[in-house]
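Heads up: the structure comes next, in structure tokens.
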Amino acid sequence: MKKFLLMSLILLSVVVGVSSCKAWRTITTSATYVQQNDSAQSKTTTTISTKTVEEYQGVKK
8 MKKFLLMSLI
18 LLSVVVGVSS
28 CKAWRTITTS
38 ATYVQQNDSA
48 QSKTTTTIST
58 KTVEEYQGVK
68 K
């Protein structure tokens with residue numbers, strides 16, 4: 008009986024593993040803005056960075 012349950016669990020794991028998949032995609036974006044004052048020789052630099060992680064769950068039809 009234990010052997011049957013173990014084999015059933017293994018078979019179920021294989022079926023679930025084959026029938027679906029999971030994937031991730033990471034998107035990184037950055038932008039730099041420079042602001043210069045006309046009356047003085049000073050500059051202000053600003054950098055904005057974003058990171059987006061997308062997750063996809065696929066199911067085999």
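Numbering-wise, the sequence shown is residues 8 to 68 according to the working numbering.
Cβ coordinates follow ideal geometry from the N, Cα and C atoms, glycine included.
Asked                                                                                      : Found
Straight-line gap, I55 to K29 (C-alpha atoms, nearest Å)                                   : 30 Å
Distance between T57 and T36 (C-alpha atoms, nearest Å)                                    : 5 Å
Residues that DSSP places opposite A38 in a beta bridge                                    : I55
Cutoff 6 Å; reference Q64; Cβ partners in own chain excluding five residues on either side : K29
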